[in-house]
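*Asks:*
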Amino acid sequence: MALPRTGTLHIVATPIGNRDDISARAIATLRQVAVIAAEDTRHTRPLLQHLGIDTPLVALHDHNERTAVDGLVERMRHGDDVALVSDAGTPLISDPGFRLVRAARQASLKVSPVPGASAVIAALSVAGLPSDRFIFEGFLPAKGGARKARLAELAGESRTLIFYESSHRILECLEDMREVFGVDREAVMARELTKLFETVLGAPLGELVGLVAADPNQEKGEFVVMVAGREAGEDERIAEGLRVFGILKEELPPAKAAKMAAAITGAPRKALYGA
1 MALPRTGTLH IVATPIGNRD DISARAIATL RQVAVIAAED TRHTRPLLQH LGIDTPLVAL
61 HDHNERTAVD GLVERMRHGD DVALVSDAGT PLISDPGFRL VRAARQASLK VSPVPGASAV
121 IAALSVAGLP SDRFIFEGFL PAKGGARKAR LAELAGESRT LIFYESSHRI LECLEDMREV
181 FGVDREAVMA RELTKLFETV LGAPLGELVG LVAADPNQEK GEFVVMVAGR EAGEDERIAE
241 GLRVFGILKE ELPPAKAAKM AAAITGAPRK ALYGA
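Position 82 (the sequence shown) corresponds to 82 in full-length UniProt numbering; numbering is contiguous.
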């Protein structure tokens, strides 16, 4: 006797801006599943209407995920296919959903990806920064002190750093990066990717802060910020900077000694000020 069919959980990527970026497979999947679990049904419904899809929606977000998961898993146990979508891009990338995926896998249900748009990968592809090795940090802490502390932990990272940031904090975030990473560290800010006002600005952090501060429009929208990793050899420059600083501070005030040592050796001034 054949075992009853169980359903599949489809993890479906949706556009991050331009609706034409959705794949034919994603459209077919959203049409054929029994229900679509969406981060915000009010956001997903217009996309489905645009595509002519009338599949029922249920909400699955940070506040109800623990309670909603059991019902969705039970539906899949009884044969229903379920699609999971976020507001934009690939689900679970700084979005809810991992509890549902974990519960489905623990229940021996099939979980299948339907790949597509991802703001992280889209931004990295146009940044012109090293992309062979990178780390995604999601959103930094909202409060300045905690944000600087987290950035300080990443200051020695050699891989390209990728962050999400909101319009409310983008300038403060860039200013903190400038302070912690130094004015010369290369960075790229990708704003409103695939949308009408898409911009990609790349410059050393000292210049990038000025570009954004000078144009209020650059503080609007959704952001991916990428920062080059610490260059090989920077440890040596810091060591040499500290050596020169040690000599100069015997004759000069510490702040002036640090400034001159940084100019002579190329070591980040902040690292010498910290000494």
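Even for Gly, the Cβ is constructed at its ideal location relative to N, Cα and C.
Among the candidates L47, R77 and V225, whose CA atom is the shortest distance from the CA of T160?
*Replies:* Locating residue 160 in the sequence shown gives position 160, where the first residue counts as 1. Of L47, R77 and V225, the residue nearest in Cα terms is V225.
*Asks:* Ends of the alpha helix (DSSP H) at K259?
*Replies:* If you number the sequence shown from 1, residue 259 lands on position 259. Unbroken alpha helix (DSSP H) run through K259: P254 to T265.
*Asks:* Following a CB-centred definition, is A88 positioned closer than 8 Å to any heavy atom of the ligand SAM?
*Replies:* Judged by which ligands are present, the structure shown has none, so any question about the ligand SAM falls away.
*Asks:* If you follow the alpha helix (DSSP H) that E108 is part of, which residue opens it and which one closes it?
*Replies:* Numbered from 1 along the sequence shown, position 108 holds the residue referred to as residue 108. It is Ser, not Glu, that sits at residue 108 in the sequence shown. Counting along the chain, S108 falls outside any alpha helix (DSSP H), and DSSP gives it neither H nor E.
*Asks:* Hey, would you say F223 sits closer than 9 Å to E165, going by beta carbons?
*Replies:* Residue 223 sits at position 223 when you count from the first residue of the sequence shown. Residue 165 sits at position 165 when you count from the first residue of the sequence shown. Against a cut-off of 9 Å, the Cβ pair of E165 and F223 comes out as a contact.
*Asks:* Can you give me the C-alpha to C-alpha distance between R237 and A83, rounded to a whole angstrom?
*Replies:* As a working mapping, residue 237 is identified with position 237 in the sequence shown. As a working mapping, residue 83 is identified with position 83 in the sequence shown. If you take the alpha carbons of R237 and A83, they lie about 52 Å apart.
*Asks:* Measure the C-alpha to C-alpha separation of I11 and E65 and round it to an integer number of angstroms.
*Replies:* Counting from 1 along the sequence shown, the entry for residue 11 is found at position 11. Counting from 1 along the sequence shown, the entry for residue 65 is found at position 65. Approximately 15 Å, taken between the alpha carbons.
*Asks:* DSSP three-state label for residue 281, please.
*Replies:* Absent from the structure is residue 281, since the part of the chain shown begins at 1 and ends at 275.
*Asks:* For the segment 179-198 against the segment 245-256, do three or more pairs of beta-carbon atoms, one drawn from each stretch, fall closer than 8 Å, so that the two count as touching?
*Replies:* The segment 179-198, when compared against the segment 245-256, does not touch it at the 8 Å Cβ threshold.
*Asks:* Between A213, E153 and V126, which lies nearest to R169 when the distance is taken from Cα to Cα?
*Replies:* Stepping through the sequence shown from its first residue, residue 169 is reached at position 169. Nearest of A213, E153 and V126 to R169, Cα basis: A213.
*Asks:* Assuming L174 and L208 form a contact by the criterion Cβ under 8 Å, report the distance between their Cβ atoms to the nearest whole angstrom.
*Replies:* Counting from 1 along the sequence shown, the entry for residue 174 is found at position 174. Counting from 1 along the sequence shown, the entry for residue 208 is found at position 208. Sure, about 6 Å apart at Cβ, within 8 Å.
*Asks:* Can you give me the C-alpha to C-alpha distance between V101 and G7, rounded to a whole angstrom?
*Replies:* One-based indexing of the sequence shown puts residue 101 at position 101. One-based indexing of the sequence shown puts residue 7 at position 7. Going from the Cα of V101 to the Cα of G7 covers about 13 Å.
*Asks:* Mark I16 as exposed unless 16 or more other C-beta atoms lie within 10 angstroms of its C-beta, in which case mark it buried.
*Replies:* In the sequence shown, counting from the first residue as 1, residue 16 sits at position 16. So I16 ends up on the buried side.
*Asks:* Run through the segment 173-199 for me and flag every whole beta strand (DSSP E) of 3 or more residues, listed as ranges in chain order.
*Replies:* Complete beta strand (DSSP E) runs here, min 3: 186-191.
*Asks:* H43 and D95: beta carbons closer than 9 Å?
*Replies:* Along the sequence shown, one-based indexing puts residue 43 at 43. Along the sequence shown, one-based indexing puts residue 95 at 95. Contact: no.
*Asks:* Over what stretch of residues does the alpha helix (DSSP H) that includes V120 continue unbroken?
*Replies:* Sequence index remark: in the sequence shown, residue 120 carries index 120 (1-based). Unbroken alpha helix (DSSP H) run through V120: A119 to A127.
*Asks:* Start and end of the beta strand (DSSP E) containing G221?
*Replies:* In the sequence shown, residue 221 corresponds to position 221, counting from 1. Element bounds for G221: n/a, residue is neither H nor E.
*Asks:* Count the other CB atoms within 10 Å of the CB of E74; is the residue buried (16 or more) or exposed (fewer)?
*Replies:* Translated into positions along the sequence shown, residue 74 becomes position 74. Answer is exposed; the Cβ neighbour count stays below 16.
*Asks:* In angstroms with no decimal places, state the Cα-to-Cα distance between R45 and V114.
*Replies:* For the purposes of this step, residue 45 is taken as the residue at position 45 of the sequence shown. For the purposes of this step, residue 114 is taken as the residue at position 114 of the sequence shown. Distance between the alpha carbons of R45 and V114: 19 Å.
*Asks:* Leaving out five residues before and five after R230 in sequence, what residues of the same chain have Cβ atoms less than 6 Å from its Cβ?
*Replies:* Position 230 of the sequence shown, counted from the start, is the residue given in the question as residue 230. Around R230: G156 and S158.
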